[in-house]
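Take the first sequence: its letter number 247 is residue 329 in my numbering, and every next letter is one higher.
For each residue, glycine too, the CB sits at the ideal point set by N, CA and C.
Report on the following structure.
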Amino acid sequence: MLKIFNTLTRKLEEFKPLHKNKVGLYSCGPTVYNYVHLGNLRAYVFVDMLKRYLVWRGYEVTHVMNITDVDDKTIRDSQKSGKTLKEFTDFYEEAFIKDLDSVNVRLPDVMPRATEHLEEMISIIRSLLEKGYAYKQGDSIYFSISKSENYGELAELSKQNLKENADQRLNVKDEYEKDSANDFVLWKGWKEEDGDVYWETEFGKGRPGWHIECSAMSMKYLGESFDIHCGGEDLVFPHHTNEIAQSEGCTGKHFVKYWMHNAHLLIEGQKMSKSLGNFFTLREIADKGYLPILVRIVLMKVHYRQNLNFTFVGLDEAQAIAKKILDTLIDLDFITATGENDFDAAGLVEGSRQKFLEAMDEDLNVSGAFAELMNLLAEVNRQIKRINPVQAKLLKEYLFELDGVLGFIRLIYDRYLVNLARVEKDSEIQEKIKQRLFFKSNKEYEKADGIRAELLARGILISDAPGDKYVLRLSYL
RNA sequence: GGCGGUAUAGCCAAGUGGCUAAGGCAACGGUUUGCAAAACCGUCAUUCCCCGGUUCGAUCCCGGGUGCCGCCUCCA
C-alpha cells in the first residue's frame with residue numbers, strides 16, 4: 083500500500099487515485115527568465131521520481147507541468163536584453179529542457195505555456211466575476227478571499243496571525259486598490275512598464291496574474307478534480323492556496339486530492355542567495371568536472387520533505403555510489419562461470435524487489451530503497467564467482483528495472499558501454515593492452531605497470547582478472 | 001510577532017516504546033593480487049541536542065529549552 087504525505091491534511095494517507103489506476107499529476111514548472119539552479123532542480127527531480135515510482139507501481143500517469151512565460155521578471159529581463167518576450171523566454175525554456183535531460187528527468191506529457199492559455203484563464207476569471215468571488219478595481223481584477231470559504235486551509239492560515247507586509251514586498255500602490263491586503267490579483271491592467279506585453283480582452287488591456295495560470299492549465303489537461311499537485315514548500319502559501327480558492331470558486335468542486343511539497347536545500351550549509359554567489363546552476367557543477375547526473379543522485383538521496391544540504395563532498399559520495407553500482411554491472415558482464423549452481427538469483431531479486439517497494443511505499447523512503455539496493459549489490463558481489471550468464475542477465479535486468487525509478491544507473495552504464503566500444507575500436511590502445519599482457523606474463527612488471535599508468539591517464543583502467551583475463555573499467559565519471 | 005519543520009557516528013542518512021540503532025562515504029586492519037583496481041571479511045553510536053514528565057522500560061510519546069531551516073503576497 084502506497085502512502086504519501088498530504089499537505090492538505092498534514093498526514094500520511096493511503097494513495098487512492100480518483101479514477102481506478104489513472105493518476106493526474108500537476109507540478110509547478112519554471113518561470114523561464116534564467117537558468118534553473120539546484121534548488122529548482124530538486125523540485126523537478128522529486129516529481130520525476132514520484133512519477134517514475136507511480137509508473138513502476140503500475141499506475142497510468144498523466145503529468146502536466148506549466149511554463150510561466152509571462153510575469154514581472156520575464157518582462158523586465160526581456161526588455162533589458164533587448165529581445166522580445168517570446169525570444170527571451172524561448173531561450174530559457176530550451177535551456178531548461180536541456181538541464182532536465184542532463185539529470186535524466188523525463189519530460190511531462192504536457193508542458194503548456196501560460197501565454198498560450200489566455201482563453202482558459204479569461205474564462206475562469208469571467209466565471210469568478212459572475213459568481214461574485216472577484217471584483218474589478220481600477221484596471222485590474224482581484225480575488226476576494228473573504229468570499230471564499232475555507233480560504234487558506236492548505237496553509238493552515240486560520241492558525242496564523244499574518245504579519246502585514248512581513249517581507250516589505252507589498253506594492254503600496256496595489257495596496258490602495260485592493261479591498262483587503264490579502265486579496266490577490268487575477269488580471270493585471272496594463273502599465274507603461276509592461277511595454278508591448280498585453281492582451282486585449284473583455285477586461286481591457288492587460289495580462290494574467292500568476293496563480294490563475296496554474297488553475298487554468300491544470301484543469302484544462304487534468305480535469306476540474308485531479309489526484310496530485312506538487313511544488314516547492316514555499317508555494318503552499320500563497321500560490322497553491324490561491325489556486326485552490328480560484329479553482330474551487332470557479333467549479334464548485336474539490337480541486338486536488340493530494341498536495342505534495344518538497345523541502346528546500348542549502349548550499350554548503352548556507353541559504354542560497356545572490357549575495358553569497360551560491361545559486362549554482364547545472365552548468366557550474368559540470369564546469370567543476372562533475373557529471374550532471376551525479377546531481378540527480380545527490381538531490382534524490384535525501385527524503386523530499388527533508389532539508390537537503392548540497393555539498394561537494396555529497397557530490398563525491400554520489401560519485402562513489404554510482405561507481406560502485408557500475409562496477410558490479412561490469413563484473414556481471416565479465417563473469418566466467420558457466421555451469422549450474424544452487425544460487426537462487428530469482429529468489430534474491432524477488433526479496434529485494436519486495437523490500438524496495440516497502441521502503442518506497444512509505445512516502446518515498448529513498449534511503450531505505452538505496453539501502454536495499456546496496457544490500458543486493460553486496461550479495462551479488464559475494465556470489466559473483468559462481469553466478470552464471472543466465473543469472474547475471476536476470477540480475478542486470480532487475481537493476482535496470484529499479485533504475486526505472488532511480489533514473490541514473492542505465493545512463494551511467496550506457497555511457498560506459500559507449501566509451502568501451504570506442505576503446506575496443508582503437509587499435510593503438512588495443513596494441514598497448516596486448517603489450518602489457520606480454521610484459522606481465524614475462525614478469526617485466528615495470529614495463530607492464532608503465533603501460534597501465536599510461537592508459538589510466540587516458541581514462542582506461544585495466545583490472546586484472548585470473549589468468550590472462552582483464553576487465554576494462556573506464557574513468558567514466 | 002504568528003505558524004511550521006528539524007536535531008541520530010568524522011560526513012551523508014534510515015529507523016523503532018523493549019531484541020545486533022539500516023545503508024552509504026571517509027578512515028583503519030585483514031583476505032585476494034607480482035603490484036594495483038574491484039570485491040570480500042573485520043573495526044568504527046554506552047548523553048540517538050539539553051532538561052523534565054508519562055511508562056516496568058524513551059532515541060522514539062508529552063512539556064519546556066537551545067541550535068539550524070522555512071512560510072507569513074508573485075520564491076522550488
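* Asked: Can you tell me whether DSSP reads SER184 as helix, strand or coil?
  -> Residue numbering aside, residue 184 sits at position 102 when the first sequence is read from its first letter. Three-state result, SER184: helix.
* Spell out the partners DSSP gives ARG555 in its beta bridges. => Locating residue 555 in the first sequence gives position 473, where the first residue counts as 1. Paired residues: LEU543.
* Using only alpha-carbon positions, find the residue among LEU476, THR410, THR418 and ALA177 that is nearest to GLU460. => Reading the first sequence from its first residue, position 378 is the one you call residue 460. In the sequence under discussion, the amino acid at residue 460 is Ala, which differs from the Glu named in the question. Closest by alpha carbon: THR410.
* **beta strand (DSSP E) segment containing SER109, residue limits** => For this step, residue 109 is matched to residue 27 along the first sequence. Start and end: 104-109.
* Asked: Within this structure, are the beta carbons of THR323 and TYR224 separated by less than 9 angstroms?
  -> Locating residue 323 in the first sequence gives position 241, counting from the first residue. Locating residue 224 in the first sequence gives position 142, counting from the first residue. For the 9 angstroms CB-CB criterion, THR323 and TYR224 do not form a contact.
* From the DSSP output, in three-state form, read off ARG139 for me. => Here residue 139 refers to the residue found at position 57 of the first sequence. Taken through DSSP and simplified to helix, strand or coil, ARG139 comes out as coil.
* **Sequence-distant residues of the same chain with beta carbon closer than 7 angstroms to LEU397, five excluded per side** => By 1-based counting over the first sequence, the position of residue 397 is 315. Cβ within range, chain order: TYR372, LEU376 and VAL380.
* **Rounded C-alpha distance that separates GLN473 from LYS551** => Residue 473 sits at position 391 when you count from the first residue of the first sequence. Residue 551 sits at position 469 when you count from the first residue of the first sequence. Cα to Cα, the separation comes out at about 21 angstroms.
* Just tell me which of THR197, LEU120, GLU238 and GLU275 has its CA closest to the CA of ARG158. => Numbered from its first residue, the first sequence carries residue 158 at position 76. Comparing Cα-Cα distances from ARG158 to each of THR197, LEU120, GLU238 and GLU275, the minimum goes to GLU275.
* Through-space distance from ASP426 to GLU432, alpha-carbon basis -> As a working mapping, residue 432 is identified with position 350 in the first sequence. As a working mapping, residue 426 is identified with position 344 in the first sequence. So the alpha carbons of these two residues sit roughly 10 angstroms apart.
* Asked: Given that a residue counts as buried once 16 or more other Cβ atoms are within 10 Å of its Cβ, and exposed if not, what is HIS101?
  -> In the first sequence, residue 101 corresponds to position 19, counting from 1. When all chains shown are included, HIS101 counts as exposed.
* Asked: DSSP three-state call for THR420: helix, strand or coil?
  -> In the first sequence, counting from the first residue as 1, residue 420 sits at position 338. Coil.
* **Coil, strand or helix - LYS165 by DSSP** => To locate residue 165, count along the first sequence from 1; it is residue 83. Three-state DSSP puts LYS165 in coil, outside helix and strand.
* **Whole beta strand (DSSP E) elements within the segment 368-398, 3-residue minimum** => 390-392
* For THR166, which option in VAL152, GLY286, PHE521 and LEU499 has the closest C-alpha, if you only look at C-alpha atoms? -> To locate residue 166, count along the first sequence from 1; it is residue 84. Comparing Cα positions, the closest option is VAL152.
* In chain order, what residues of the same chain have a beta carbon less than 7 angstroms from the beta carbon of THR197, not counting five sequence neighbours either side? -> Against the first sequence, residue 197 aligns to sequence position 115. For THR197, where only same-chain residues beyond five positions count, the Cβ hits under 7 angstroms are ASP151 and VAL152.
* **Alpha-carbon spacing of LEU554 relative to CYS296, whole angstroms** => Here the question's residue 554 lines up with position 472 in the first sequence. Here the question's residue 296 lines up with position 214 in the first sequence. Those two C-alpha atoms are separated by around 50 angstroms.
* Asked: Do ALA345 and ASN389 have their CB atoms nearer than 9 angstroms?
  -> Mapped onto the first sequence, residue 345 falls at position 263. Mapped onto the first sequence, residue 389 falls at position 307. Yes, these two residues count as a Cβ contact at 9 angstroms.
* **Residue interval of the alpha helix (DSSP H) (run including LEU519)** => Residue 519 sits at position 437 when you count from the first residue of the first sequence. Unbroken alpha helix (DSSP H) run through LEU519: 509-523.
* Apart from the five residues just before and just after GLU95, which ones in its own chain have a Cβ nearer than 8 angstroms to its Cβ? -> If you number the first sequence from 1, residue 95 lands on position 13. Taken in chain order, the residues that qualify are LYS85, ILE86, PHE87, ASN88 and TYR340.
* Just the Cα atoms here: how many angstroms apart are SER160 and GLU479? -> Here residue 160 refers to the residue found at position 78 of the first sequence. Here residue 479 refers to the residue found at position 397 of the first sequence. Distance between the alpha carbons of SER160 and GLU479: 48 angstroms.
* Burial state of LEU132, where buried means 16 or more other Cβ atoms lie within 10 Å -> Within the first sequence, residue 132 is the residue found at index 50, counting from 1. With 16 or more Cβ atoms within 10 Å of its Cβ, LEU132 is classed as buried.
* To do: Tell whether a beta-carbon distance below 9 angstroms holds between LEU565 and VAL505.
  => In the structure displayed, the chain extends from 83 to 559; residue 565 sits before or after that span and is not available.
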